[in-house]
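Engineer: Let me give you the structure first, and then I'll get to my questions.
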Amino acid sequence: MPDRLQHRSGKFIAMNKDVLGGTILLALAGAYYWATLRIPDSSLSDEVGAQGLPRILALVLAGVAALIVLRGVMARKQAVSAAADLDDEKDALPRRALGLLAIAFGYVVVAPLVGYAVALALLIAAVAVYEGVALSWRVAAVAAGGAIVFWVLFVQLLGVEQPQSWLL
Amino acid sequence: MDDLARALTLLVTTPVVPAALACLVWGMVGGAIPGISSSIAMALILPLTFTMDPVSAVVILATTYIGSEYGASIPAILIRTPGSGSAAATVVDGYEMKRQGRAGEALGISLWSGVIGSLFGLAMLILMTEPLSRLALLFRPTSYCALGVLGLSIIASLSDRSLLKGLAAAVVGMMVATVGTDPISGVSRFTFGLPELLAGIKPILVIVGLFAVSELLRQSGMPDLGSAAAAVVRVRLPSFVTMRKIGKAQAIGCVTGTVEGLMPGGGGSIAAFFSYNEAKRWSRYREEFGKGSAEGIAAPETANNTVASTALIPLLSFGIPGSNSAAVLLGGLLIHGLLPGPRLFEQNGDVILGLYAGSLVATLAQIAIGIIILPLCMWLVNRPRPYLAGFIFAFIVSGIFTINSSLWDIGFIFAVGFIGYLMRLTGFPFLPAVLGVVLGPLVESNYRRSLLLSGGDHGIFLEDPIAVGFLIAAVIFVVWSLVREFRDTQMEARKDAVT
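Quick note, the sequences are listed as chains A and B, same order.
The first sequence lines up with residues -15 to 152 when you count with this note's numbering.
The second sequence lines up with residues 844 to 1342 when you count with this note's numbering.
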């Protein structure tokens, strides 16, 4: 793709991100303001109250978010529309990150069941395989060895409590 | 002399020395792994400081910062990949020297310059911090509130060249800080009935999530960097002739590092590139730059190591962190209930002395440890990235669990990490968000205290000249950044129209 089109496509993506980011922030500001309406009043409250600063923050965020969206919309008019292909390439990244996140959350689920050391070994192995290492005995050995090292470091040397197993 | 005696006592009676040396090693090792910047290395170890005494905790964080600045130069020189942004300028001449078979010499210049920069920065820290903090004795609640607003405005305007996104990030950070129990009325805010949120959201969870977890998510799927030189590399400290040759470049690095460290949002990267440019401008051997110049390594490495100490000056004096790493250190102080400012010097002087003493020990030990630790750093740089990612995740979950023994905290930082990942994708900076979380309670409590004193009259802010000055400065920063951003956008639009 010629440089000038690449440049404009990149700008198109950047401006789309501005519109998306600004819109999310607008929604966040609205939800936050709605939540301030649910903060109870208190006889111990001061002049500002528990709702005071949160409402100011919600309004400031809404204003800033609107400006971000406006800037994104105005800049989009100057960009080339043939950026859809580039957008598809970029879309793979969030899915990849979500996969890694799912593995990480898996630790939170599994740790109370099998305990710290086993869960940690599974975490190390799962991340390594997800990131491209072929599943093999070597992965298992590295993961097990790493879990033992961490167990010795945190539980034995530092005396820090880690998740216990309900089952084992 | 009393302070000196107290510092020596601290060195002998507390674990300051082993803590400093251990975390100097950790900082070097962490900094040597591409993708782990000094702030991430500090964020990873931050949870471990939760159960420690304040002196050890602060020393651990500060020496991690010092060690990581040298550590980041190792992959910059060996595999043309800086361990962090502050070592990016070192790549230019460092990797060129490695290609010429002078990797050991390059690492030696980096190490020596790092020591010079650290010593100078520490001297500036000791000389400037307490006098500046005494200015804060004049502060009233209105001044503190305005200072928080100024700090957030500066960071928002200086980071990432988009004021609007910086402001948005700062406001969201302050919104996160409002979660929990209101300190004045005792009502719960934004807890949605969850007992885990009643105590609020600890800044440490946001720091680790944004800095460490989001980086891991961002690097997911990226290819390995390839191995470093197959030959064993040994650090060669510069000869006296070379030391004289690079002296001017190091002096330039010291000055630029001090200036950049004092400026909130400055950081090591800017200092490194700025000092490289100035060293080249003033050098008698200008033609050597870019072709393996010793000065080309000395200047940026001196600068970024100076910043490691001088960035703590605005933090300790006023509570405004000068960099991401200083923000993590602020998180460490807050964990132990320590508020930066003059009270820190009066009521917790041992913490400050311990910081100075520990940093001095780490700086003096840097040469020996830097030489000894190089093989380990090279080994780590060559490890397959997937295993490194797995071990870093393991470190994170183990460390975070030490805070509250709660799996909820671990889940929370992963969620924050994903939000941080989305922030990266959409160009929203982290530092304003972290500062919003950290400074939000300061701003709110002093704002409400001010209005309590005045019976609800906002005119009290106009009666305090310090507050007026800070607020005017905040407005100037915001307006200047808006104008600059608008002008840059217009220039981009004109350039697009021409092409």
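Beta carbons: idealized from backbone N, C-alpha and C, even for Gly.
The model shown is predicted, which means the values in this text are computed figures rather than measured ones.
Within 10 angstroms of its Cβ, does B/Gly1302 collect 16 or more other Cβ (buried), or is it exposed?
Structural biologist: Looking up residue 1302 of chain B in the second sequence gives position 459. Exposed is the call here.
Engineer: For a quick check, are the C-beta atoms of B/Ser1118 and B/Ile1095 less than 8 angstroms apart?
Structural biologist: Translated into positions along the second sequence, residue 1118 of chain B becomes position 275. Translated into positions along the second sequence, residue 1095 of chain B becomes position 252. In this structure, B/Ser1118 sits near B/Ile1095, with a CB-CB distance shorter than 8 angstroms.
Engineer: If I measure Cβ to Cβ from A/Ala42 and keep anything under 7 angstroms in the same chain, skipping five residues before and after, which residues do I get?
Structural biologist: Working through the first sequence from its first residue, we reach residue 42 of chain A at position 58. So the qualifying residues of the chain are Ala13, Tyr16, Tyr17 and Thr20.
Engineer: Within the chosen definition, does the region 127 to 135 of chain A reach the region 87 to 96 of chain A through at least 3 CB pairs nearer than 8 angstroms?
Structural biologist: no
Engineer: Considering only their Cβ atoms, is the gap separating A/Val44 from A/Gly6 smaller than 8 angstroms?
Structural biologist: Here residue 6 of chain A refers to the residue found at position 22 of the first sequence. Here residue 44 of chain A refers to the residue found at position 60 of the first sequence. Not in contact: A/Gly6 and A/Val44 (Cβ atoms no closer than 8 angstroms).
Engineer: To which residues of the same chain is B/Leu1265 closer than 7 angstroms at the C-beta, ignoring the five residues directly before and after it?
Structural biologist: Taking the second sequence and counting its residues from 1, the one referred to as residue 1265 of chain B is at position 422. Cβ neighbours of B/Leu1265 beyond the five flanking positions: none.
Engineer: Would you call the region 946 to 956 of chain B and the region 1151 to 1163 of chain B in contact, with 3 or more CB pairs under 8 angstroms?
Structural biologist: no
Engineer: What does A/Arg39 reach in chain B if we use C-beta pairs closer than 7 angstroms?
Structural biologist: Taking the first sequence and counting its residues from 1, one reaches residue 39 of chain A at position 55. Taking the beta carbon of A/Arg39 as reference, no residue of chain B falls within 7 angstroms; the closest one sits roughly 10 angstroms away.
Engineer: Please specify which runs of the alpha helix (DSSP H), each continuous and at least 4 residues long, are wholly inside the region 1181 to 1220 of chain B, giving them in chain order.
Structural biologist: 1185 to 1190
Engineer: Check the Cβ-Cβ distances between B/Val1015 and every residue of chain A, and say whether any is below 8 angstroms.
Structural biologist: Translated into the one-based positions of the second sequence, residue 1015 of chain B becomes position 172. With 8 angstroms as the cut-off, B/Val1015 counts as an interface residue toward chain A.
Engineer: Helix or strand or just coil, what does DSSP make of B/Arg1129?
Structural biologist: Against the second sequence, residue 1129 of chain B aligns to sequence position 286. In the structure shown, B/Arg1129 sits in a helix (DSSP, three-state: H, G or I).
Engineer: Of the residues that make up the region 1257 to 1277 of chain B, which ones have a beta carbon closer than 9 angstroms to any beta carbon in chain A?
Structural biologist: Phe1257, Ala1258, Gly1260, Phe1261, Tyr1264, Leu1265, Met1266, Leu1268, Thr1269, Gly1270 and Phe1271
Engineer: Where A/Ala127 and B/Ser1241 are concerned, what is the direct C-alpha to C-alpha distance, given to the nearest angstrom?
Structural biologist: In the first sequence, residue 127 of chain A corresponds to position 143, counting from 1. In the second sequence, residue 1241 of chain B corresponds to position 398, counting from 1. The straight-line gap from Cα to Cα measures roughly 15 angstroms.
Engineer: Let me check one thing: in DSSP terms, what residues is B/Arg1032 bridge-paired to?
Structural biologist: By 1-based counting over the second sequence, the position of residue 1032 of chain B is 189. Note: B/Arg1032 sits in a beta bridge opposite B/Gly1023.
Engineer: Taking 8 angstroms as the CB-CB limit, is A/Ile23 close to chain B?
Structural biologist: Taking the first residue of the first sequence as position 1, residue 23 of chain A is located at position 39. For A/Ile23, the answer is yes, since a Cβ of chain B falls inside 8 angstroms of its Cβ.
Engineer: Helix, strand or coil, according to DSSP, for A/Leu28 in the structure here?
Structural biologist: For the purposes of this step, residue 28 of chain A is taken as the residue at position 44 of the first sequence. Coil at A/Leu28, not helix or strand.
Engineer: Nearest to B/Leu962 by alpha carbon, out of B/Ala865, B/Ala1208 and B/Ser1028?
Structural biologist: In the second sequence, counting from the first residue as 1, residue 962 of chain B sits at position 119. With distances taken between Cα atoms, B/Leu962 lies closest to B/Ala1208.
Engineer: Helix, strand or coil for A/Ile23? Go by DSSP, reduced to three states.
Structural biologist: As a first step, residue 23 of chain A must be located in the first sequence, where it is residue number 39. If DSSP states are grouped into helix, strand and coil, A/Ile23 belongs with coil.
Engineer: Hey, quick one: how far does the alpha helix (DSSP H) through A/Ser120 stretch, first residue to last?
Structural biologist: By one-based count along the first sequence, residue 120 of chain A stands at place 136. In the DSSP annotation of this structure, A/Ser120 is not part of any alpha helix (DSSP H), being labelled neither H nor E.
Engineer: Leaving aside the five residues before and after A/Ala76 along the sequence, list all residues of the same chain whose C-beta is less than 7 angstroms from its C-beta, in chain order.
Structural biologist: What you label residue 76 of chain A is simply residue 92 of the first sequence in a count that begins at 1. Because the pLDDT of A/Ala76 is 42, which lies under 50, any placement of that residue in the model is unreliable, and the number read from its coordinates should be weighed accordingly. Answer for A/Ala76: no residue qualifies.
Engineer: Nearest-angstrom Cα distance between B/Ile960 and B/Ile879?
Structural biologist: Counting from 1 along the second sequence, the entry for residue 960 of chain B is found at position 117. Counting from 1 along the second sequence, the entry for residue 879 of chain B is found at position 36. The question names Ile, but residue 960 of chain B is Gly in the sequence shown. Their Cα atoms are separated by approximately 21 angstroms.
Engineer: Measure from the C-beta of B/Pro1381 to each C-beta in chain A and report whether the shortest distance is under 8 angstroms.
Structural biologist: Residue coverage of chain B in this structure runs from 844 to 1342, which leaves residue 1381 of chain B outside it and unanswerable.
Engineer: Three or more C-beta pairs under 8 angstroms: does that hold for the region 1253 to 1260 of chain B against the region 899 to 906 of chain B?
Structural biologist: Flag = no, the region 1253 to 1260 of chain B and the region 899 to 906 of chain B do not touch.
Engineer: In the DSSP assignment, find the alpha helix (DSSP H) that holds B/Asp1307 and state where it starts and stops.
Structural biologist: The residue given as residue 1307 of chain B occupies position 464 in the second sequence. Looking at the DSSP string, B/Asp1307 is not in any alpha helix (DSSP H), and its letter there is neither H nor E.
Engineer: In chain A, which residues lie less than 7 angstroms from B/Glu1287 when you measure between Cβ atoms?
Structural biologist: Against the second sequence, residue 1287 of chain B aligns to sequence position 444. Result: Leu37.
Engineer: Any Cβ of chain B within less than 8 angstroms of the Cβ of A/Lys1?
Structural biologist: On the first sequence, residue 1 of chain A is found 17 positions in, with the first residue counted as 1. It does: the Cβ of A/Lys1 has a partner Cβ on chain B nearer than 8 angstroms.
Engineer: At a Cβ threshold of 8 angstroms, is B/Tyr1230 touching chain A?
Structural biologist: Your numbering for residue 1230 of chain B matches position 387 in the second sequence. Yes - at least one Cβ of chain A is within 8 angstroms of the one on B/Tyr1230.
Engineer: Are any of the Cβ atoms in chain B nearer than 8 angstroms to that of A/Ile132?
Structural biologist: Reading the first sequence from its first residue, position 148 is the one you call residue 132 of chain A. No, no contact with chain B.
Engineer: Contact criterion: CB-CB distance below 8 angstroms. Does B/Arg1330 meet it with respect to chain A?
Structural biologist: Position 487 of the second sequence, counting from 1, holds the residue named residue 1330 of chain B. For B/Arg1330, the closest Cβ of chain A is not nearer than 8 angstroms.
Engineer: According to DSSP, simplified to helix, strand and coil, what is A/Gly99?
Structural biologist: Start at 1 with the first residue of the first sequence, and residue 99 of chain A comes out as number 115. Three-state result, A/Gly99: coil.
Engineer: Does DSSP put B/Met1017 in a helix, a strand or coil?
Structural biologist: Taking the first residue of the second sequence as 1, we reach residue 1017 of chain B at position 174. Of the three classes helix, strand and coil, the one that applies to B/Met1017 here is helix, per DSSP.
Engineer: For B/Ser1293, does the three-state DSSP call read helix, strand or coil?
Structural biologist: What you label residue 1293 of chain B is simply residue 450 of the second sequence in a count that begins at 1. The answer is helix: DSSP assigns B/Ser1293 an H, G or I state.
Engineer: With C-beta atoms as the reference, is B/Thr924 less than 8 angstroms away from B/Pro877?
Structural biologist: Counting from one through the second sequence, the residue named residue 924 of chain B turns up at place 81. Counting from one through the second sequence, the residue named residue 877 of chain B turns up at place 34. Yes, the pair counts as a contact, with Cβ atoms nearer than the cut-off.
Engineer: Check whether the region 1011 to 1023 of chain B touches the region 1293 to 1307 of chain B, taking contact to mean three or more Cβ pairs, one atom from each stretch, closer than 8 angstroms.
Structural biologist: no
Engineer: Between the Cα of B/Ile1216 and those of B/Val860, B/Thr852 and B/Ala865, spot the shortest distance and give me the residue it belongs to.
Structural biologist: Counting from 1 along the second sequence, the entry for residue 1216 of chain B is found at position 373. Taking only the C-alpha atoms, the option nearest B/Ile1216 is B/Ala865.
Engineer: Report buried or exposed for B/Arg1129, applying the criterion of at least 16 other Cβ atoms within 10 angstroms of its Cβ.
Structural biologist: Translated into positions along the second sequence, residue 1129 of chain B becomes position 286. So B/Arg1129 counts as exposed.
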